[in-house]
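S.K.: This is the structure, below, for whatever I ask next.
Protein chains: 2
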Amino acid sequence: MNEQTQDSTEMRTLTVELGDRSYPIYIGQGLLDQAELLLRHVNSRQVMIVTNETVAPLYLDKLKQAFADRQLATVILPDGESYKTIDSAMMVFDELLRLKFSRSAHLIALGGGVIGDLTGFAAACYQRGVPFIQIPTTLLSQVDSSVGGKTAVNHPRGKNMIGAFFQPKCVIADMSTLDTLPDRELAAGLAEVIKYGLIRDPAFFVWLEAHIDGLLARDSEALAYAVEQSCRNKAEVVSADERESGERAMLNLGHTFGHAVETGLGYGEVLHGEAIAIGTCQAADLSRRLGWLSEDDVARIVALLQRARLPVTPPPVLDAEAFLEHMAVDKKNVEGQLRLILLEKIGRATLPMPVDIGLLRQTLQTYGRQ
Amino acid sequence: MNEQTQDSTEMRTLTVELGDRSYPIYIGQGLLDQAELLLRHVNSRQVMIVTNETVAPLYLDKLKQAFADRQLATVILPDGESYKTIDSAMMVFDELLRLKFSRSAHLIALGGGVIGDLTGFAAACYQRGVPFIQIPTTLLSQVDSSVGGKTAVNHPRGKNMIGAFFQPKCVIADMSTLDTLPDRELAAGLAEVIKYGLIRDPAFFVWLEAHIDGLLARDSEALAYAVEQSCRNKAEVVSADERESGERAMLNLGHTFGHAVETGLGYGEVLHGEAIAIGTCQAADLSRRLGWLSEDDVARIVALLQRARLPVTPPPVLDAEAFLEHMAVDKKNVEGQLRLILLEKIGRATLPMPVDIGLLRQTLQTYGRQ
Numbered sequence: 275m276n277e278q279t280q281d282s283t284e285m286r287t288l289t290v291e292l293g294d295r296s297y298p299i300y301i302g303q304g305l306l307d308q309a310e311l312l313l314r315h316v317n318s319r320q321v322m323i324v325t326n327e328t329v330a331p332l333y334l335d336k337l338k339q340a341f342a343d344r345q346l347a348t349v350i351l352p353d354g355e356s357y358k359t360i361d362s363a364m365m366v367f368d369e370l371l372r373l374k375f376s377r378s379a380h381l382i383a384l385g386g387g388v389i390g391d392l393t394g395f396a397a398a399c400y401q402r403g404v405p406f407i408q409i410p411t412t413l414l415s416q417v418d419s420s421v422g423g424k425t426a427v428n429h430p431r432g433k434n435m436i437g438a439f440f441q442p443k444c445v446i447a448d449m450s451t452l453d454t455l456p457d458r459e460l461a462a463g464l465a466e467v468i469k470y471g472l473i474r475d476p477a478f479f480v481w482l483e484a485h486i487d488g489l490l491a492r493d494s495e496a497l498a499y500a501v502e503q504s505c506r507n508k509a510e511v512v513s514a515d516e517r518e519s520g521e522r523a524m525l526n527l528g529h530t531f532g533h534a535v536e537t538g539l540g541y542g543e544v545l546h547g548e549a550i551a552i553g554t555c556q557a558a559d560l561s562r563r564l565g566w567l568s569e570d571d572v573a574r575i576v577a578l579l580q581r582a583r584l585p586v587t588p589p590p591v592l593d594a595e596a597f598l599e600h601m602a603v604d605k606k607n608v609e610g611q612l613r614l615i616l617l618e619k620i621g622r623a624t625l626p627m628p629v630d631i632g633l634l635r636q637t638l639q640t641y642g643r644q
Numbered sequence: 275m276n277e278q279t280q281d282s283t284e285m286r287t288l289t290v291e292l293g294d295r296s297y298p299i300y301i302g303q304g305l306l307d308q309a310e311l312l313l314r315h316v317n318s319r320q321v322m323i324v325t326n327e328t329v330a331p332l333y334l335d336k337l338k339q340a341f342a343d344r345q346l347a348t349v350i351l352p353d354g355e356s357y358k359t360i361d362s363a364m365m366v367f368d369e370l371l372r373l374k375f376s377r378s379a380h381l382i383a384l385g386g387g388v389i390g391d392l393t394g395f396a397a398a399c400y401q402r403g404v405p406f407i408q409i410p411t412t413l414l415s416q417v418d419s420s421v422g423g424k425t426a427v428n429h430p431r432g433k434n435m436i437g438a439f440f441q442p443k444c445v446i447a448d449m450s451t452l453d454t455l456p457d458r459e460l461a462a463g464l465a466e467v468i469k470y471g472l473i474r475d476p477a478f479f480v481w482l483e484a485h486i487d488g489l490l491a492r493d494s495e496a497l498a499y500a501v502e503q504s505c506r507n508k509a510e511v512v513s514a515d516e517r518e519s520g521e522r523a524m525l526n527l528g529h530t531f532g533h534a535v536e537t538g539l540g541y542g543e544v545l546h547g548e549a550i551a552i553g554t555c556q557a558a559d560l561s562r563r564l565g566w567l568s569e570d571d572v573a574r575i576v577a578l579l580q581r582a583r584l585p586v587t588p589p590p591v592l593d594a595e596a597f598l599e600h601m602a603v604d605k606k607n608v609e610g611q612l613r614l615i616l617l618e619k620i621g622r623a624t625l626p627m628p629v630d631i632g633l634l635r636q637t638l639q640t641y642g643r644q
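So the protein lines, in turn, are chains G and H. Under the working numbering, read the first sequence as residues 275 to 644, first letter to last. Under the working numbering, read the second sequence as residues 275 to 644, first letter to last.
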């Protein structure tokens, strides 16, 4: 499904196989210093970089140098999930149009998942689609949102409710950008890393149990391996099911619960990865009630997430009814039928239809509330 | 490219061939009274009809009856191009989310091009894409915008600047809806009908010269034939080039000039078809200056548009410089290079690159200003 190569500078390259929309993922140290790599996929005179106020001071100048000979525009948004809105997308459109950027202009997303999702959505919609490049600068976006073409903005009534499937031209994951990532965000990224082990890669889960401390200590070799394995798993899933008609739904382990946490608390109170960690524990608990996971399996999952310094219990303000209310509009549902990704065992996800609502209520009423 | 069938009720069916996204176009009298036809492509419990204040009193009840057993929502927007905005799309999203409509909900566009483009864009974006159906109620939308999957909203700096390629599940062109269409809008639709003759169907152009009076008199047989031939031409072009990388650009004859007229005057001052008629005359004039069309060809084109009661000269307030300014951000341009569809002869379009700006200025400075 994916070719893997390592060149002399230790850059790893994976490929998301999608026919004429296939694209590479580059993983390595110091990639933002390699102008040739940056320019390889930008054959346009007009380039717009979208980033935020946190990332811009750190990496924007490197990009500006690489694109010094182009007509370069920048949009710098405030940092945070609360800016992943139609209004922010409109700021991008306003600037593109003010500068008369054409349908062949390229957009570059420099930042975490908010910037990547928003920039991808703007690229999908501007003049019905212009090329864009993902340069994820957080662990979470490197292992998840930058790969696979899911773009979106949020709506007050739900996350990612307005969006498009739109693939980037390439993903450049410069591991050096993790040096400046706050500890809390590093942990949030590990929630998605652990997810890949849980849904389809039991050996990777075992590796993570052995290396979680090294990852938290930012061991660069361990981090590069974790990003590579995560992207490989994601690329394989996306290649098999780009538009989430089947297998791709497995990537949503913990996400329906997690989105309810995010919606219930309001964006910005919890990080996405933190909400996913909580949701993963709830999914594990429900999987145990369905007779699939053992008590020991659930304990291993909760322990690994806890060791990754992630929250594993839902916030007290969200009771079972609040969860059910917020889960009802999750995108993964079909005609009001709740679609929850659960675990048959560690390393294999499943999508039971219909979900046993009685057992779900038990999980929501009791998990983490003892 | 297209199969054509006629069943017992004289309904004509064409097909837009796009692999697994192929879809039918139904053309006939009284199709909105055929509940079975409406239900055939809506296999969802949740249905939202988007329409406007002009069309709703005329046809909304018919649709409501057909979908009486579904969870039915309606959004009724004010009438007019000035409502083809992100704000209107947000009204659709707000209502979809308020009702917790899922990813399997279906949207129905009941109205002209504004409603069709807007609803299609909302369908493309809601939860990254839900199915939608086009029920065009104007001649313009029946022969052009409802077919081919170009969806969009306007931006203050340009028409259709925010959009998506997103194909409907079917198009239902009920010719009966033309009975209530104002004369001015009927004429505006004829501008696009005439375009098909000019760009690729010389026999149809000759037929139009012979039948233009019958069309204006709303001869139902003539109208049905004109819609069928227009949709057949459009379907063939779209099937060959869905995303306008080549041949589909030919459909934009008169549109770069026309968009400049619409942008320059402000949306709502001229109808889209009227602007296209003006732009077609300008394109014909420039084609003559390039040595392709004869004086007689240009006269035939202008005469047919005039007989269709369409404007054929640009508004005096728009001078050559204003045109060039507004044309510069048209989507059809690549990297600032002006891409104008012109005519080699009646029945064959061409895309000269680069455009001779000197001759273009002559057209803008002199055509219609004597």
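In this text, a Cβ means the ideal position worked out from N, Cα and C, and glycines have one as well.
Shorter than 7 angstroms from the beta carbon of G:Cys444 to some beta carbon of chain H?
M.R.: no
S.K.: From G:Ala383 to G:Arg517, what does the alpha carbon distance come to, in whole angstroms?
M.R.: 22 angstroms
S.K.: Going by beta carbon distance, what residues of the same chain come within less than 6 angstroms of G:Leu312, once the five residues before and after it are set aside?
M.R.: Ala340
S.K.: From the DSSP output, in three-state form, read off G:Thr359 for me.
M.R.: coil
S.K.: Take G:Asp448 and list the residues in its own chain whose beta-carbon comes closer than 6 angstroms to its own, dropping the five residues that flank it on each side.
M.R.: Correct list, in chain order: Leu305 and Leu306.
S.K.: Just to make sure I have the definition right: I need the residues of chain G whose C-beta is within less than 7 angstroms of the C-beta of H:His429. Which are they?
M.R.: Phe367 and Leu371
S.K.: Let's see if you can read the secondary structure: which residues bound the alpha helix (DSSP H) around G:Val576?
M.R.: Glu569 to Arg581 is the extent of the alpha helix (DSSP H) around G:Val576.
S.K.: Rounded to whole angstroms, what is the Cα-Cα separation between G:Val324 and G:Gln441?
M.R.: Taking the Cα positions, G:Val324 is about 17 angstroms away from G:Gln441.
S.K.: Give every residue of the same chain whose Cβ lies closer than 6 angstroms to the Cβ of G:Ile301, excluding the five residues on either side of it in the sequence, and list them in chain order.
M.R.: Arg286, Ala447, Val501 and Glu502
S.K.: With DSSP run on the structure shown, which of helix, strand or coil describes G:Phe440?
M.R.: coil
S.K.: Is the beta carbon of G:Val427 closer than 7 angstroms to that of G:Thr359?
M.R.: Going by C-beta atoms, G:Thr359 is nearer than 7 angstroms to G:Val427.
S.K.: Could you tell me whether the Cβ of G:Phe439 comes closer than 7 angstroms to any Cβ of chain H?
M.R.: Yes, its Cβ sits closer than 7 angstroms to a Cβ of chain H.
S.K.: Roughly how many whole angstroms lie between the Cα atoms of H:Arg613 and H:Glu510?
M.R.: H:Arg613 and H:Glu510: Cα-Cα distance of roughly 22 angstroms.
S.K.: CB H:Leu616 to CB H:Ser561, shorter than 7 angstroms?
M.R.: Against a cut-off of 7 angstroms, the Cβ pair of H:Ser561 and H:Leu616 comes out as a contact.
S.K.: List the residues of chain G whose Cβ lies closer than 9 angstroms to the Cβ of H:Met364, in chain order.
M.R.: For the C-beta of H:Met364, the chain G residues within less than 9 angstroms are, from N- to C-terminus, Ile360, His429 and Ile436.
S.K.: Answer yes or no: does any C-beta atom of chain G fall closer than 7 angstroms to that of H:Ala523?
M.R.: no
S.K.: Examine the ligand ADP and report whether any of its heavy atoms sits within less than 6 angstroms of the Cβ of H:Ile350.
M.R.: The ligand ADP is not among the ligands present in this structure, which contains no ligands whatsoever.
S.K.: Check whether the segment 539–554 of chain H and the segment 595–602 of chain H are in contact - that is, three or more C-beta pairs closer than 8 angstroms.
M.R.: no
S.K.: Contact criterion: CB-CB distance below 7 angstroms. Does G:Ala602 meet it with respect to chain H?
M.R.: Interface residue (Cβ-Cβ distance to chain H less than 7 angstroms): G:Ala602 is classified as such.
S.K.: Quick one: is G:Thr425 buried, meaning 16 or more other Cβ sit within 10 Å of its Cβ, or exposed?
M.R.: buried
S.K.: In this structure, what does DSSP give as the bridge partners for H:Asn326?
M.R.: H:Leu351
S.K.: Straight-line CA distance for H:Ile350 to H:Ala309?
M.R.: Going from the Cα of H:Ile350 to the Cα of H:Ala309 covers about 21 angstroms.
S.K.: How far does the beta strand (DSSP E) with H:Ile382 in it extend, from its first residue to its last?
M.R.: His380 to Gly385
S.K.: Determine whether the Cβ of H:Lys374 lies closer than 7 angstroms to any Cβ atom of chain G.
M.R.: Chain G places a beta carbon closer than 7 angstroms to that of H:Lys374, counting this residue as a contact.
S.K.: Are the Cβ atoms of G:Ala477 and G:His485 separated by less than 7 angstroms?
M.R.: no
S.K.: Given this structure, state the Cα-to-Cα distance separating H:Val421 from H:Leu414, to the nearest angstrom.
M.R.: 11 angstroms
S.K.: Which two residues bound the contiguous beta strand (DSSP E) that contains G:Pro585?
M.R.: Note, G:Pro585: premise wrong, no beta strand (DSSP E); not H, not E.
S.K.: Given this structure, state the Cα-to-Cα distance separating H:Gln401 from H:Leu370, to the nearest angstrom.
M.R.: 10 angstroms
S.K.: How would you list, in chain order, the residues of chain G whose beta-carbon sits under 7 angstroms from the beta-carbon of H:Arg508?
M.R.: Here the sequence assigns Lys to residue 508 of chain H, which means Arg is not the residue at that position. The contacting residues do not exist; H:Lys508 stays about 17 angstroms from chain G at best.
S.K.: Leaving out five residues on either side along the sequence, give the residues of the same chain with a beta carbon under 7 angstroms from the beta carbon of H:Lys338.
M.R.: Leu346
S.K.: Please name the residue, chosen from G:Leu381, G:His533 and G:Gly621, that lies closest to G:Pro589 on a Cα-to-Cα basis.
M.R.: G:His533
S.K.: Any idea what DSSP makes of G:Asn434, helix, strand or coil?
M.R.: Secondary structure of G:Asn434 (DSSP, three-state): strand.
S.K.: Can you list, in chain order, the stretches of the alpha helix (DSSP H) that have 4 or more residues and sit fully within the segment 521–552 of chain G?
M.R.: 529–539
S.K.: Short of 7 angstroms in beta carbon distance, which residues of its chain neighbour G:Arg377, apart from the five on each side in sequence? Order them along the chain.
M.R.: For G:Arg377, where only same-chain residues beyond five positions count, the Cβ hits under 7 angstroms are Gln401 and Val404.
S.K.: Chain G partners of H:Gly432, CB-CB under 8 angstroms?
M.R.: Chain G residues near H:Gly432: Leu371.
S.K.: Using the Cβ count rule (16 or more neighbours within 10 Å means buried), how would you classify H:Pro456?
M.R.: exposed
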